[in-house]
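Colleague: Could you have a look at this structure, given as C-alpha cells, before my questions?
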Amino acid sequence: MAKRSIVFTENLRELGLLIFIVVLSLAIQARNSAFLTPQNIAAMLTNTSILAILAVGMMLVLVTRGIDLSIGSIMAFTGMVTALTVAGIPGIPPIVAILLSTVLGAAIGMMTGVLVARFDVLPVIATLGMMNVVRGLTYVVSGGQWVSSYQMSTEFKAIATGNTLGINNLIMIAVVVYVVAGFFINHTRTGRRIYAVGSNPLAAEVSGIPKRRLIFLVYSIMGGLAGLAGVLWVARFASAQGNTAIGYELQVIAACILGGVSITGGVGRLSGLLLGTLMLGILANALPLIDVSPFWQQGIQGFVVLAAVITNVLVRRNTQRNALRRRAI
Amino acid sequence: MSDQTILELNGISKLFPGVRALDNVHFDLRPGEIHGLMGENGAGKSTFIKIITGVHTPDTGEIVIDGETVAFKNPMEAQRAGVAAIYQHVTSYPDLTVAENIFMGHERVRPVTRRIDWRRMHEEAQALLEQLDANFTSRERMGSLSVARQQIVEIAKALSTQARIIIMDEPTAALTHHESEELYRITEGLRDTGVAVIFISHRMEDIERLADRVTVFRDGQYVGSWNAAEIEQHALIVAMVGREISQMYPKRTVHFGEEILRVEDLSRTGFYRGVSFDVRAGEIVALTGLVGAGRTEVCESLYGVYPADEGTIYLNGEKIAPQSPMDALKLGIGHVPEDRQLQGLILEWEIGKNITLPSLASLSDHGWLNEDRERVVAGQLSDKLTVKANSIFTSAMTLSGGNQQKVVVAKALSRPLKLIILDEPTKGVDVAAKAAICEIIGDLAEQGYGILLVSSEMPEVLGMSDRIVVMKQGRVTAHLTTAEATQEEILNAAMVASTEAEHA
Amino acid sequence: MSDQIRIGITRERNWREFFFQWEWLLVGVLLLVIAVNTWISPFFLNLNTFIRTPATFLDKAFIVFPMMFVLILAKIDISVGSTVALSAVIMATSYNAGLPMPLAMLLCLTIAGLGGAINGWLLVKFKELSFVIVTLSTMIIYRGIAYIILGDQASGGFPDWFSFLGWGEILGVPFIFLVFILTAIAFGLLLHKTTFGRAVFGMGRNAMASRYSGVNVDRVVFTVFALNGLMAGVTALFLTSRMGSTRPNVATGYELEVIAMVALGGVSTSGGIGRIGGPILAVFIIGFLSYGMGLANLQAPLVLVVIGSLLIVSVLVHRIRFRSKKKINSTV
Chain V
16 MAKRSIVFTE
26 NLRELGLLIF
36 IVVLSLAIQA
46 RNSAFLTPQN
56 IAAMLTNTSI
66 LAILAVGMML
76 VLVTRGIDLS
86 IGSIMAFTGM
96 VTALTVAGIP
106 GIPPIVAILL
116 STVLGAAIGM
126 MTGVLVARFD
136 VLPVIATLGM
146 MNVVRGLTYV
156 VSGGQWVSSY
166 QMSTEFKAIA
176 TGNTLGINNL
186 IMIAVVVYVV
196 AGFFINHTRT
206 GRRIYAVGSN
216 PLAAEVSGIP
226 KRRLIFLVYS
236 IMGGLAGLAG
246 VLWVARFASA
256 QGNTAIGYEL
266 QVIAACILGG
276 VSITGGVGRL
286 SGLLLGTLML
296 GILANALPLI
306 DVSPFWQQGI
316 QGFVVLAAVI
326 TNVLVRRNTQ
336 RNALRRRAI
Chain F
3 MSDQTILELN
13 GISKLFPGVR
23 ALDNVHFDLR
33 PGEIHGLMGE
43 NGAGKSTFIK
53 IITGVHTPDT
63 GEIVIDGETV
73 AFKNPMEAQR
83 AGVAAIYQHV
93 TSYPDLTVAE
103 NIFMGHERVR
113 PVTRRIDWRR
123 MHEEAQALLE
133 QLDANFTSRE
143 RMGSLSVARQ
153 QIVEIAKALS
163 TQARIIIMDE
173 PTAALTHHES
183 EELYRITEGL
193 RDTGVAVIFI
203 SHRMEDIERL
213 ADRVTVFRDG
223 QYVGSWNAAE
233 IEQHALIVAM
243 VGREISQMYP
253 KRTVHFGEEI
263 LRVEDLSRTG
273 FYRGVSFDVR
283 AGEIVALTGL
293 VGAGRTEVCE
303 SLYGVYPADE
313 GTIYLNGEKI
323 APQSPMDALK
333 LGIGHVPEDR
343 QLQGLILEWE
353 IGKNITLPSL
363 ASLSDHGWLN
373 EDRERVVAGQ
383 LSDKLTVKAN
393 SIFTSAMTLS
403 GGNQQKVVVA
413 KALSRPLKLI
423 ILDEPTKGVD
433 VAAKAAICEI
443 IGDLAEQGYG
453 ILLVSSEMPE
463 VLGMSDRIVV
473 MKQGRVTAHL
483 TTAEATQEEI
493 LNAAMVASTE
503 AEHA
Chain Y
10 MSDQIRIGIT
20 RERNWREFFF
30 QWEWLLVGVL
40 LLVIAVNTWI
50 SPFFLNLNTF
60 IRTPATFLDK
70 AFIVFPMMFV
80 LILAKIDISV
90 GSTVALSAVI
100 MATSYNAGLP
110 MPLAMLLCLT
120 IAGLGGAING
130 WLLVKFKELS
140 FVIVTLSTMI
150 IYRGIAYIIL
160 GDQASGGFPD
170 WFSFLGWGEI
180 LGVPFIFLVF
190 ILTAIAFGLL
200 LHKTTFGRAV
210 FGMGRNAMAS
220 RYSGVNVDRV
230 VFTVFALNGL
240 MAGVTALFLT
250 SRMGSTRPNV
260 ATGYELEVIA
270 MVALGGVSTS
280 GGIGRIGGPI
290 LAVFIIGFLS
300 YGMGLANLQA
310 PLVLVVIGSL
320 LIVSVLVHRI
330 RFRSKKKINS
340 TV
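Chains as they are written, first to last, in our numbering: chain V, 16 to 344; chain F, 3 to 506; chain Y, 10 to 341.
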C-alpha cells in the first residue's frame with residue numbers, strides 16, 4: 016500500500032546506498048588492504064569534508080528547482096583573494112581569513128540570487144555566466160601567478176592540517192556546518208518554506224510565502240559555503256591557482272543526486288547527502304587503489320547521475336499509474 | 003441555525019471582456035448552515051467563489067460579513083476575515099507532511115527562539131484531524147495521501163485559520179461512494195460547530211443529503227433560494243435550466259450518410275470507462291455532461307493527445323488508433339480544443355501562420371515554405387469563417403474571443419477531414435460570434451462532415467445536435483435523440499443517474 | 010484569385026520597425042569593435058589580416074547555428090563542449106590505431122551526431138527530465154569517456170593534408186570561412202524558409218498548441234539536438250585541424266561561448282524568437298573582441314570575464330524588454 020510510501024522510499028533508498036557503500040568498501044578492501052586503514056579513512060574523510068560542505072548549499076539550491084554551476088569558480092576566486100591577503104598580511108588570524116572568504120563568496124552568491132530571483136534569468140544560464148566571469152576574475156586578480164605554500168603562514172595552513180578536540184579541523188567544520196544546516200532545515204520557518212517553494216512554487220506564492228526572497232537566500236547561502244570551501248581548499252592544498260576546482264560543481268551535483276536530492280525540487284535530506292558524498296569520496300579514493308585509472312571517475316559519476324534521475328522518473332510514473340487506477344471512475 | 007446572516011452579497015456583478023459572468027446576484031449565508039449552490043457550467047458559480055475569496059473584486063454590489071461591509075483586495079485579506087475555500091485541484095505541498103501543509107504560512111513557533119514548535123504543530127494538527135475523524139496522522143507525507151484524504155487536510159487547514167465560512171467547490175467529484183459519506187459526515191460536523199458552509203455540487207445526492215438551503219444561479223443570474231426541505235429535485239432542475247431555446251439555432255434537415263466514427267468500449271484508466279457511441283456523416287452528435295464527466299478526455303483520445311488504454315475506434319469502418327494529433331489529422335480527424343488560448347492558438351503569431359500550421363506539409367514544396375500559397379489559403383479560410391480582422395498578418399492576441407475561435411476552426415479546416423470534434427466552441431464568446439460559429443457548424447454538417455460537439459449549454463445541445471450522448475463521472479449514462487429529449491432528461495442523466503463508479 | 014479574398018493578404022512594411030531592430034544594434038557594436046581593434050593595431054584593417062582573423066574563432070561558430078534552434082525551442086544544450094572533445098579524441102585515437110583518416114573524420118562526425126541524438130532521445134523518452142539535467146549528465150559522461158580513452162595524453166600526428174581544414178585557403182579566403190558561410194546560408198534557410206523552422210518557432214512559443222496542430226514535436230526535439238551534436242563534430246574537425254592534435258580537455262568553455270553568441274544574437278532563452286542575422290553578427294563581435302584583447306596584450310582570462318558578462322547582460326536585456334509580454338510555453 017502506498018501509505019507511507021514516500022518516507023519509506025527515501026529510507027529504503029538511503030539504506031540501499033549504505034549497504035552498497037559497505038559492500039563496495041569490503042570489496043575494495045579485499046582487493047587492496049590499504050583501503051580501510053585508519054590513515055586512508057582519515058584522508059578520505061578529510062577530502063570529503065569540503066565536498067560535504069558544498070553539498071549542503073547545492074541541496075538547498077536544487078530543492079528550489081534551481082542549479083548552480085558557478086561554485087568551482089567561486090571557490091577559486093575566494094580562495095585566491097584570501098590567499099593573496101594572507102600572503103600580503105602575514106599576521107592575519109586564520110579566523111579572519113575564513114570569514115573574509117565566506118563573506119566574499121556570499122556576496123557573489125547574492126549577485127547570482129538577484130539574477131535568478133529578481134530578473135527571472137534561468138539558473139543554468141545565470142550560473143554559467145557567473146562561472147566564467149568569476150573564473151576570469153580569479154586569473155586577473157592573481158595576475159596569472161600562483162600563491163604557494165611558503166607564502167602562507169603556518170597558522171593558515173593549520174586550518175586544514177590542525178586538529179580541534181582531536182579531530183581534523185576540516186571534518187570539524189563540516190560537522191558544524193551540518194549541525195547548523197540541520198537546525199536551519201528542520202526547525203526554522205525559513206528552512207521549511209524553502210522546501211515548500213520547491214514542492215509547489217505556485218501554492219507558495221498564493222500562500223503569501225516570499226518566494227523570491229527565499230530563492231535569493233539559497234543562492235547567497237550557496238555562495239557563502241563556496242567561499243568557505245574556497246579557503247579550506249587553499250589551506251588544504253597549500254596553494255591557490257587560477258584553475259583551482261575547475262568542474263568541481265559537477266561532483267557536488269553528482270553527490271546531491273546520489274544522495275537522493277530531487278532535481279525537480281522539494282526533496283532532500285542531510286542524511287542522504289552524507290551518504291552521497293561518502294560514495295563519491297570512496298570512488299575518488301579507491302579507484303587508484305584497485306588499479307582503475309582515476310580517469311574513469313568522471314565517466315562513472317556522470318553515468319550514475321543519469322541512472323539515478325531516470326530511475327526516479329520511472330518510479331514516479333509507476334506511482335502515478337497506481338494513483339490513476341485508484342480513481343473512482 | 004440562527005436567522006442572522008454571517009455573509010451577505012447584494013447586487014454583485016462582474017464583467018469580463020465579452021462575457022457577463024455575474025449579473026446582480028444576491029446570496030446570504032447563516033452561521034451553522036450548509037448552503038448548497040447549484041447551477042450549470044457557466045452559471046457563474048466559480049466567479050462568485052472567487053469574489054468571496056478575494057481573488058476578484060466585484061464591479062458592483064457589496065459584500066457584508068457579520069453586518070460589516072468588506073472589500074477584499076487579495077486572498078490573504080479574505081482569509082483573515084475567516085473565509086476559506088477548498089477546491090478540487092488541491093494546492094498543497096506533496097513533499098511536506100500533513101502538519102506542515104496545514105500550518106504553512108502560519109507555523110507555530112517557540113516564543114523566544116522563534117524556532118518551529120513541532121510538538122505543538124503536530125498536537126494541534128492531530129487535534130484538527132481527530133475533530134474531522136480522520137484515520138491518518140499529521141506525520142504522513144501529503145503526496146502519499148489519496149485525494150479524499152488530501153481534501154480532509156485542506157479542511158483542517160481551513161479550520162486552522164479559524165475560518166467561519168468554508169466554501170467547498172465540487173468536493174465529491176473525484177470521491178468514491180464511501181469517501182463521499184466520510185465527507186458528508188465531516189461537513190455536517192462542521193455545521194454543527196457553527197461554521198457556515200457553501201457547498202457547490204452538481205450531484206443531487208450531495209444536495210439532498212447535506213443542504214439546509216439551496217440557491218440556484220443561471221446564466222450569471224440569481225434565480226432563487228429555498229429551504230431544502232421545501233423544494234423537489236425536479237423543481238431544482240427546472241430552476242437551473244428553465245429558459246426558452248432561442249431562435250439562434252436554425253434546424254436543418256440533413257440527409258445522414260454512412261457511419262464516420264464508431265467508438266466501442268473505450269476506456270482510459272482513471273478518466274473514463276466503457277464509452278460507446280457513433281457519428282454519421284452530416285450528423286451533429288452532442289457529447290454533454292458536467293465538468294469532470296470525461297468528455298474532453300474522450301475527445302483527446304480520439305484526437306491522439308492521450309490515447310485510450312482499451313476499446314476500439316473505427317473511422318469509416320476501419321480500426322484506427324491515433325497516437326498523436328499528427329496521426330489523427332492524417333486520418334482526417336480535426337479538433338477544436340477547449341482552451342483556445344493554450345491549446346488552440348499561438349497567440350503571439352499572426353492569424354495566417356496559425357491557420358496554416360496544421361497543413362504546412364501540403365502547402366509547402368517538399369519542405370520549403372511557399373508563403374504565397376499560404377497567404378491565399380489563409381485568406382480564403384478567414385473569409386469563409388468571417389474572421390473580423392484587417393489582414394491575416396494581424397496578431398491573434400488582438401482578436402476577440404469569438405474571432406480567435408473562428409481562427410481555430412479555420413485551422414482545422416485547412417486539412418481534408420472526415421470528422422470534426424469541437425470542444426465547447428462557444429465558451430466565452432459573445433452572442434454575435436456564437437451565432438456565427440453555430441451557423442458554421444451547421445454548414446459543416448451539411449457539407450457531409452461528421453461532427454462531435456462537446457457542450458455544456460443546454461440550448462446549444464438541444465438546438466444544434468441530432469443526437470445526444472450524456473456522460474457522468476467517466477461513463478455514458480444516456481443516448482438520446484434530440485427530437486425526443488428534454489433538458490430535464492439530459493440534466494438528470496448528467497447529475498442524478500447512478501453509475502457503477504459510485505458503488506466502488 | 011487574390012482579389013476575391015476580402016481579408017487583407019499583403020504584408021505592410023513598417024520602415025520604422027525595420028530600423029529599430031536588434032541586428033542594427035549589433036552592427037553598430039561590431040563596427041565599434043573593429044574600430045577599437047584598428048586603433049590598437051592599424052594592421053587589423055589590412056584586407057589580408059582581416060580576412061584571416063576569423064579563422065581563429067570560427068571553429069566554434071558551427072555550433073552556434075543549431076544552438077539557435079535549441080534556444081528557440083526554449084531549451085539549452087551544455088554538453089556541446091564535451092561532445093567536441095569526445096569526437097575529436099575518438100578521431101585521433103582511431104586514426105592512430107590504423108583507421109584511414111577520411112574514415113576517422115567520418116567517425117568523428119558520427120560519434121558527435123550520436124552524442125546529440127542521445128540527448129534528443131532522452132528528452133523525448135523521458136519528458137519529465139529537464140534539458141538541464143540531461144545535457145548536464147551527458148556533458149559529464151562524454152568528457153568522462155574522452156578521459157577514459159586518452160587520459161591526460163595528447164593524440165595527433167595527422168596527415169599533412171588534414172591541416173588544410175583549419176589553415177587552408179581557397180583564392181585567398183580561409184577554407185573555414187567559406188564553410189562557415191555555406192553553413193550559415195544552409196541553417197538560415199532551414200530556420201526561416203522551411204516547415205521545420207516554422208515548427209521550431211511554433212514549439213518555442215507554445216509547445217502544446219503546436220502539438221495540437223499536428224506538429225511532430227518528438228521528431229523536432231530529437232532532430233534539433235542531433236543536429237547540435239553533429240555540428241559539434243564539425244567543430245571538432247576544424248579545431249583539431251588547427252591545433253594539430255587533441256586531448257580530452259579541449260573545448261572546455263565552448264558551451265558558454267556558443268550560448269553567449271546565440272543570446273547576444275537576439276535569441277531569447279524563453280524561446281520562440283530569433284533571426285539568423287543576429288548570431289552571425291554576434292560570432293564576429295565576440296570573435297573580434299577576443300582577438301582584439303589579444304592584440305592589446307590583455308590576459309586571456311579577461312576574455313572569459315567579458316564573454317560571461319555579455320551572456321548575462323544579453324539575457325537581462327531580453328528579460329527586461331519582454332517582461333510585459335506574457336508567454337505561453339507549456340510542456341507537452
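Using N, Cα and C, we set each Cβ at its ideal position, and we do this for glycine too.
So what does DSSP say about V:Leu27, is it helix, strand or coil?
Modeller: Residue mapping note: residue 27 of chain V aligns to position 12 of the first sequence, counting from 1. Looking at V:Leu27 - three-state DSSP - the assignment turns out to be helix.
Colleague: In three-state terms, what does DSSP make of Y:Ala193?
Modeller: For this step, residue 193 of chain Y is matched to residue 184 along the third sequence. Three-state result, Y:Ala193: helix.
Colleague: Let me make sure I understand the geometry here. Which of Y:Ala70, Y:Gly37, Y:Trp48 and Y:Gly317 has the alpha-carbon closest to that of Y:Ile185?
Modeller: Here residue 185 of chain Y refers to the residue found at position 176 when the third sequence is read from its first residue. Closest by alpha carbon: Y:Ala70.
Colleague: Using 8 Å as the threshold, is the stretch 402-409 of chain F in touch with the stretch 422-436 of chain F, meaning 3 or more CB pairs across them?
Modeller: Touching, yes, given that three or more Cβ pairs across the two stretches are closer than 8 Å.
Colleague: Evaluate Y:Asn55 with the Cβ neighbour count: other Cβ atoms within 10 Å of its Cβ, from every protein chain shown; 16 or more gives buried, anything less gives exposed.
Modeller: As a working mapping, residue 55 of chain Y is identified with position 46 in the third sequence. By the neighbour-count rule (16 or more Cβ atoms within 10 Å), Y:Asn55 is not buried but exposed.
Colleague: For V:Ile36, collect the residues of the same chain with a Cβ closer than 8 Å to its Cβ; drop the 5 residues on either side in sequence, then sort them by chain order.
Modeller: By 1-based counting over the first sequence, the position of residue 36 of chain V is 21. Closer than 8 Å at Cβ, skipping near neighbours: Leu290, Leu293, Met294 and Ile297.
Colleague: So that I know if they touch, is there some Cβ in chain V lying closer than 9 Å to that of F:Gly107?
Modeller: Start at 1 with the first residue of the second sequence, and residue 107 of chain F comes out as number 105. Yes, its Cβ sits closer than 9 Å to a Cβ of chain V.
Colleague: According to the Cβ coordinates, are V:Pro138 and V:Ile209 closer than 9 Å?
Modeller: As a first step, residue 138 of chain V is located in the first sequence; it is residue number 123 there, counting from the start. As a first step, residue 209 of chain V is located in the first sequence; it is residue number 194 there, counting from the start. No. Outside cutoff.
Colleague: Once DSSP output is grouped into helix, strand and coil, what is the label at F:Phe18?
Modeller: Taking the second sequence and counting its residues from 1, the one referred to as residue 18 of chain F is at position 16. Strand.
Colleague: Look at the alpha carbon of V:Ala255 and the alpha carbon of Y:Ala64, and state the distance between them as a whole number of angstroms.
Modeller: Working through the first sequence from its first residue, we reach residue 255 of chain V at position 240. Working through the third sequence from its first residue, we reach residue 64 of chain Y at position 55. Between V:Ala255 and Y:Ala64, the C-alpha separation is close to 35 Å.
Colleague: In terms of residues, what are the limits of the beta strand (DSSP E) holding F:Ser227?
Modeller: Here residue 227 of chain F refers to the residue found at position 225 of the second sequence. Start and end: Gln223 to Asn229.
Colleague: Can the beta-carbon of Y:Ile72 be found less than 9 Å from the beta-carbon of Y:Thr244?
Modeller: Working through the third sequence from its first residue, we reach residue 72 of chain Y at position 63. Working through the third sequence from its first residue, we reach residue 244 of chain Y at position 235. Their beta carbons are under 9 Å apart, which means Y:Ile72 touches Y:Thr244 by this criterion.
Colleague: Using a Cβ-Cβ cut-off of 7 Å (strictly less than) and excluding sequence neighbours within five positions of V:Val328, which residues of its own chain qualify?
Modeller: Here residue 328 of chain V refers to the residue found at position 313 when the first sequence is read from its first residue. Closer than 7 Å at the Cβ level, and outside the excluded window around V:Val328, lies no residue.
Colleague: Using 9 Å as the limit for Cβ to Cβ distance, is V:Gly94 near chain C?
Modeller: This model lacks chain C altogether, as its protein chains are V, F and Y.
Colleague: Taking Cβ positions, are F:Lys436 and F:Gly346 nearer each other than 9 Å?
Modeller: Sequence index remark: in the second sequence, residue 436 of chain F carries index 434 (1-based). Sequence index remark: in the second sequence, residue 346 of chain F carries index 344 (1-based). Result no, Cβ atoms of F:Lys436 and F:Gly346 do not sit closer than 9 Å.
Colleague: Whose C-alpha, out of V:Thr117, V:Gln312 and V:Asn258, is nearest the C-alpha of V:Ile68?
Modeller: As a working note, residue 68 of chain V is residue 53 in the first sequence. For the residues V:Thr117, V:Gln312 and V:Asn258, the minimum Cα distance to V:Ile68 belongs to V:Thr117.
Colleague: Does any CB atom of chain V fall closer than 9 Å to the CB of Y:Glu137?
Modeller: Counted from its first residue, the third sequence places residue 137 of chain Y at position 128. So, interface residue.
Colleague: With distances taken from CA atoms, which of F:Gly226, F:Arg166, F:Tyr316 and F:Gly336 is nearest F:Gln81?
Modeller: The residue given as residue 81 of chain F occupies position 79 in the second sequence. Nearest C-alpha to F:Gln81: F:Arg166.
Colleague: Which residue's Cα is closest to the Cα of F:Val114: V:Arg251, V:Ile123 and V:Thr203?
Modeller: Position 112 of the second sequence holds residue 114 of chain F. With distances taken between Cα atoms, F:Val114 lies closest to V:Thr203.
Colleague: Three or more C-beta pairs under 8 Å: does that hold for the stretch 146-161 of chain Y against the stretch 118-133 of chain Y?
Modeller: They touch, by the three-pair rule.
Colleague: Helix, strand or coil for F:Lys474, going by three-state DSSP, please let me know.
Modeller: In the second sequence, counting from the first residue as 1, residue 474 of chain F sits at position 472. Strand at F:Lys474.
Colleague: Can F:Thr93 be considered in contact with the ligand FAD, in the sense that its beta carbon sits closer than 8 Å to one or more heavy atoms?
Modeller: Here there are no bound small molecules, and the ligand FAD is not part of this structure.
Colleague: If you compare alpha carbons, which of F:Gly272, F:Asn494, F:Ala323 and F:Ile168 is closest to F:Leu192?
Modeller: Within the second sequence, numbered from 1, the residue matching residue 192 of chain F stands at position 190. Closest option to F:Leu192, Cα to Cα, is F:Ile168.
Colleague: Using C-beta distances below 8 Å, list every residue in its chain close to V:Lys172, excluding the 5 sequence neighbours before and after it, in chain order.
Modeller: Your numbering for residue 172 of chain V matches position 157 in the first sequence. Counting only Cβ-Cβ distances below 8 Å, and skipping sequence neighbours, we find Ser164, Ala250 and Ala253.
Colleague: What does F:Ile188 reach in chain V if we use C-beta pairs closer than 7 Å?
Modeller: Position 186 of the second sequence holds residue 188 of chain F. Ordered by position in chain V, no residue passes the 7 Å Cβ test against F:Ile188, which lies about 18 Å from the chain.
Colleague: What span of residues does the beta strand (DSSP E) with F:Glu42 cover, start to end?
Modeller: Looking up residue 42 of chain F in the second sequence gives position 40. Segment: none, F:Glu42 is in no beta strand (DSSP E) and carries neither H nor E.
Colleague: Is there contact here, the stretch 161-181 of chain Y with the stretch 251-259 of chain Y, by at least three beta-carbon pairs under 8 Å?
Modeller: Short answer: they touch.
Colleague: Looking at F:Gly222: is its Cβ nearer than 9 Å to the Cβ of F:Gly84?
Modeller: Residue mapping note: residue 222 of chain F aligns to position 220 of the second sequence, counting from 1. Residue mapping note: residue 84 of chain F aligns to position 82 of the second sequence, counting from 1. In this structure, F:Gly84 does not lie closer than 9 Å to F:Gly222 by Cβ.
Colleague: In three-state terms, what does DSSP make of F:Ile247?
Modeller: In the second sequence, the residue the question calls residue 247 of chain F occupies position 245. Confidence at F:Ile247 is low in this model, with a pLDDT of 49, below 50, so the placement of that residue should be treated as unreliable; the coordinate-derived value is given next. Reduced to three states, the DSSP call for F:Ile247 is coil.
Colleague: In the DSSP assignment, the beta strand (DSSP E) including F:Met170 goes from what residue to what residue?
Modeller: As a working mapping, residue 170 of chain F is identified with position 168 in the second sequence. Taken as a continuous stretch (DSSP letters only), the beta strand (DSSP E) holding F:Met170 covers Ile167 to Asp171.
Colleague: If we ignore side chains and look at the alpha-carbon of each, how far apart do Y:Val341 and Y:Ser88 end up?
Modeller: On the third sequence, residue 341 of chain Y is found 332 positions in, with the first residue counted as 1. On the third sequence, residue 88 of chain Y is found 79 positions in, with the first residue counted as 1. Its pLDDT being 25, under 50, Y:Val341 is placed unreliably in this model, and the value from its coordinates should be taken loosely. Approximately 23 Å, taken between the alpha carbons.
Colleague: Using a beta-carbon distance cut-off of less than 7 Å, what residues from the stretch 74-94 of chain F approach chain V?
Modeller: Going along the stretch 74-94 of chain F in chain order, one finds Pro77, Met78, Thr93 and Ser94 with a Cβ nearer than 7 Å to chain V.
Colleague: To the nearest angstrom, how far is the alpha carbon of Y:His327 from that of Y:Ala272?
Modeller: Walking along the third sequence from the start, residue 327 of chain Y turns up at place 318. Walking along the third sequence from the start, residue 272 of chain Y turns up at place 263. So the alpha carbons of these two residues sit roughly 9 Å apart.
Colleague: Between which two residues does the beta strand (DSSP E) containing V:Tyr210 stretch?
Modeller: One-based indexing of the first sequence puts residue 210 of chain V at position 195. Taken as a continuous stretch (DSSP letters only), V:Tyr210 belongs to no beta strand (DSSP E), being part of the alpha helix (DSSP H) at Arg204 to Ser214.
Colleague: Please report the straight-line C-alpha distance between F:Ile67 and F:His204, rounded to a whole angstrom.
Modeller: Position 65 of the second sequence, counted from the first residue, corresponds to residue 67 of chain F. Position 202 of the second sequence, counted from the first residue, corresponds to residue 204 of chain F. Cα to Cα, the separation comes out at about 27 Å.
Colleague: Expressed to the nearest angstrom, what Euclidean distance is found between the alpha-carbon atoms of Y:Leu307 and V:Ala132?
Modeller: The count along the third sequence starts at 1 and reaches residue 307 of chain Y at position 298. The count along the first sequence starts at 1 and reaches residue 132 of chain V at position 117. Taking the straight line from one Cα to the other gives about 34 Å.
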